[in-house]
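Undergrad:
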Amino acid sequence: MNKIFALLLLFVSACSHSYGNVQIANVIQVQKDISGNISTPEELIQRYGEPQQIFTKDGQQVYEYRYISVSGIPDEEYSTGAQHYDIRYIYVYFDNQILTRVENIARRGAFPPENVFEPFLKK
Amino acid sequence: MFKIVFFLIFFLINGCAFHIPNANDVIKAETTFNRDVFKRGGKSLVIIEEENNVPSSIKLHGRFTFINQEGRRFIFDVQNIGIFMLDPGTYVLENFELYGRSGYLSAHINYEKRYKAYFAVAPEDVVYIGKIKTNTIFSKTDIADMQQQKKKVITITNISEDISSLPTAFLGAIQQQTDKGLEPRLMRWVDTLITGENKNE
Chain A
1 MNKIFALLLL FVSACSHSYG NVQIANVIQV QKDISGNIST PEELIQRYGE
51 PQQIFTKDGQ QVYEYRYISV SGIPDEEYST GAQHYDIRYI YVYFDNQILT
101 RVENIARRGA FPPENVFEPF LKK
Chain B
1 MFKIVFFLIF FLINGCAFHI PNANDVIKAE TTFNRDVFKR GGKSLVIIEE
51 ENNVPSSIKL HGRFTFINQE GRRFIFDVQN IGIFMLDPGT YVLENFELYG
101 RSGYLSAHIN YEKRYKAYFA VAPEDVVYIG KIKTNTIFSK TDIADMQQQK
151 KKVITITNIS EDISSLPTAF LGAIQQQTDK GLEPRLMRWV DTLITGENKN
201 E
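In the order they appear, the protein sequences are chains A and B.
Reminder that position 102 of the first sequence reads as 102 in the numbering used here, one-by-one numbering, no gaps.
Reminder that position 57 of the second sequence reads as 57 in the numbering used here, one-by-one numbering, no gaps.
Have a look at this one:
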């Protein structure tokens with residue numbers, strides 16, 4: 001019976017698509033891990049791989065990791081398939097190669113994500 | 001018991017096969033404007049408009065496929081106004097088409113290599129890259145033979161700066177969400193038929 005359940009889960013999980021670094025999916029845990037165990041960019045890359053983006057903000061280098069997924073079993077005939085989205089971002093700040101802070105953003109909801117500009121577009 | 005499980009698996013397989021989310025959904029989830037991600041993530045906000053008067057029983061809208069310097073493809077479906085939150089970088093047009101869908105039916109005009117375009121954005125840019133306007137300059141129906149009717153449509157697509165036509169409330173919302181005003185910066189748009197680069201059309 002457990003095998004059947006596992007098989008069902010496999011099919012359900014197959015109904016998803018993702019992009020980015022799956023290692024950072026649990027952003028809270030990753031944020032704690034980086035804050036407690038990482039101090040340089042080299043250590044960060046060694047543990048989590050190359051970031052999706054590196055940019056400069058307020059004079060500091062920011063390493064950005066992200067993981068985005070959409071999933072769901074559709075209930076509409078013409079649905080493209082996606083029912084839910086889940087985005088995870090981790091930002092690691094370095095000042096002169098020394099880690100200064102770690103931030104995360106996590107958002108999930110019904111697909112497509114809300115367009116905050118939609119109410120203002122009606123001419 | 002076996003039958004119930006079998007039908008359940010069968011249902012799931014069919015559901016997944018026809019409706020599995022795809023890469024475009026992921027791109028859409030990621031590029032939809034999010035204030036927190038925009039402010040913290042060194043993103044840029046790009047606004048593009050599209051308008052066409054191509055005759056079609058299914059309403060057509062612009063579909064732009066851009067590829068960035070990392071080789072990632074972004075499909076922008078633009079119905080009137082498109083708003084995208086992007087990573088800084090250079091985006092090169094790979095394909096432009098007019099596309100529409102209604103239930104099972106779809107219609108499209110694929111311009112393939114006819115148009116070349118690119119734009120570049122830096123962190124925290126809030127830019128308007130233009131209105132892409134497709135005008136029909138010739139449209140007629142020929143009866144090629146007794147069995148088939150062919151509709152011939154000739155169009156030309158160009159770019160214009162029409163930021164003043166954007167709703168004032170929308171411009172205000174941009175300012176409020178990004179703390180910056182919308183800067184007009186037209187993307188480079190080339191019709192290869194006019195420049196003579198395209199010999200096939």
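We put the beta carbon where it would ideally sit given N, CA and C, even for glycine.
As the structure is a prediction and not an experimental result, all values here were calculated from the model.
Is it the case that the Cβ atoms of residue 126 (chain B) and residue 183 (chain B) are separated by a distance below 8 Å?
TA: In contact: residue 126 (chain B) and residue 183 (chain B) (Cβ atoms closer than 8 Å).
Undergrad: Can a CB atom of chain A be found closer than 8 Å to the CB of residue 42 (chain B)?
TA: Chain A, which has a Cβ nearer than 8 Å to the Cβ of residue 42 (chain B), makes this yes.
Undergrad: Would you give the residue range spanned by the alpha helix (DSSP H) that residue 171 (chain B) belongs to?
TA: 168 to 178 is the span of the alpha helix (DSSP H), which, as asked, contains residue 171 (chain B).
Undergrad: Residue 60 (chain A) touches chain B at which residues, Cβ-Cβ below 9 Å?
TA: Within chain B, no residue comes near residue 60 (chain A); the closest Cβ sits about 11 Å away, beyond 9 Å.
Undergrad: Quick one: Cα of residue 104 (chain A) to Cα of residue 72 (chain A), how far?
TA: Each residue's Cα considered, the two are about 24 Å apart.
Undergrad: With DSSP as the reference, please indicate the residues paired to residue 100 (chain A) in a beta bridge.
TA: Beta-bridge pairing links residue 100 (chain A) to no other residue.
Undergrad: Here's a check: name, in chain order, each residue in its chain whose Cβ is nearer than 6 Å to the Cβ of residue 31 (chain A), leaving out the five neighbours to either side.
TA: Same-chain partners within the cutoff: 102, 104.
Undergrad: Mark residue 40 (chain A) as exposed unless 16 or more other C-beta atoms lie within 10 angstroms of its C-beta, in which case mark it buried.
TA: That one is exposed.
Undergrad: Select from B:44, B:20, B:187, B:174 the residue whose C-alpha is nearest the C-alpha of residue 31 (chain B).
TA: Nearest option by C-alpha distance: B:44.
Undergrad: Taking C-beta pairs closer than 9 Å, name the residues in chain A that residue 22 (chain B) reaches, listed in chain order.
TA: Here the neighbours are 17, 70, 80, 81, 82.
Undergrad: Would you give the residue range spanned by the alpha helix (DSSP H) that residue 109 (chain B) belongs to?
TA: Where residue 109 (chain B) is concerned, there is no enclosing alpha helix (DSSP H), although the beta strand (DSSP E) it sits in stretches over 105 to 110.
Undergrad: Provide the residue(s) that pair with residue 116 (chain B) in DSSP beta bridges, ordered along the chain.
TA: DSSP lists B:190 as partners of residue 116 (chain B).
Undergrad: According to DSSP, which residues form a beta bridge with residue 122 (chain A)?
TA: None; residue 122 (chain A) has no bridge partner.
Undergrad: Under 8 Å between beta-carbons, which chain A residues line up against residue 51 (chain B)? List them in chain order, please.
TA: Ordered by position in chain A, no residue passes the 8 Å Cβ test against residue 51 (chain B), which lies about 12 Å from the chain.
Undergrad: Comparing C-alpha positions only, which one of A:42, A:17, A:50 sits nearest to residue 29 (chain B)?
TA: It is A:17 whose Cα lies nearest to the Cα of residue 29 (chain B).
Undergrad: Enumerate in chain order the residues of its own chain whose CB-to-CB distance from residue 108 (chain B) is below 8 Å, with the five nearest sequence positions on each side excluded.
TA: Excluding positions up to five away in sequence, the list reads 60, 63, 97, 98, 99, 100.
Undergrad: Near residue 66 (chain A), what residues of its chain come up, given a Cβ to Cβ distance below 6 Å and the 5 sequence neighbours on each side ignored?
TA: If we look at residue 66 (chain A) and ignore the five residues flanking it on each side, its Cβ neighbours are 20, 52, 89.
Undergrad: I'd like the span of the beta strand (DSSP E) that includes residue 20 (chain A), first residue to last.
TA: Where residue 20 (chain A) is concerned, the enclosing beta strand (DSSP E) stretches over 16 to 20.
Undergrad: Return the residue from the list B:66, B:51, B:50, B:38 that minimises the CA-CA distance to residue 55 (chain A).
TA: Here the closest residue by C-alpha is B:38.
Undergrad: What residue from B:94, B:70, B:89 has the CA that sits closest to residue 76 (chain B)'s CA?
TA: The residue with the shortest Cα to Cα distance from residue 76 (chain B) is B:94.
Undergrad: When you compare the CB positions of residue 132 (chain B) and residue 157 (chain B), do they come within less than 8 Å of one another, or not?
TA: Against a cut-off of 8 Å, the Cβ pair of residue 157 (chain B) and residue 132 (chain B) comes out as a contact.
Undergrad: Going along chain A in order, which residues have a C-beta closer than 7 Å to the C-beta of residue 173 (chain B)?
TA: Residues of chain A passing the Cβ test: 117, 120.
Undergrad: Reducing DSSP to helix, strand and coil, say where residue 32 (chain B) ends up.
TA: Reduced to three states, the DSSP call for residue 32 (chain B) is coil.
Undergrad: Using 8 Å as the limit for Cβ to Cβ distance, is residue 45 (chain A) near chain B?
TA: Not one chain B Cβ lies under 8 Å of residue 45 (chain A).
Undergrad: Against chain B, does residue 91 (chain A) count as a neighbour if the rule is that its beta carbon must be under 8 Å from one of theirs?
TA: By this cut-off, residue 91 (chain A) is an interface position.
Undergrad: Taking the continuous beta strand (DSSP E) assigned at residue 87 (chain A), which residues delimit it?
TA: Counting along the chain, the beta strand (DSSP E) containing residue 87 (chain A) begins and ends at 84 to 95.
Undergrad: For residue 100 (chain A), is the beta carbon positioned less than 7 Å from some heavy atom of the ligand ADP?
TA: What this structure holds is no ligand at all, so the ligand ADP is not there to describe.
Undergrad: If you drop the 5 nearest sequence neighbours on each side, which residues of the same chain put their C-beta closer than 6 Å to that of residue 162 (chain B)?
TA: Result list for residue 162 (chain B): 131, in chain order.
Undergrad: Name the residue from B:72, B:82, B:115, B:180 whose alpha carbon lies nearest to the alpha carbon of residue 195 (chain B).
TA: The candidate whose alpha carbon is nearest that of residue 195 (chain B) is B:115.
Undergrad: Where does residue 106 (chain A) fall in DSSP's three states?
TA: Looking at residue 106 (chain A) - three-state DSSP - the assignment turns out to be strand.
Undergrad: Taking the alpha helix (DSSP H) that residue 31 (chain A) falls in, what are its first and last residues?
TA: It spans 27 to 37 - the alpha helix (DSSP H) in which residue 31 (chain A) sits, taken as one unbroken run.
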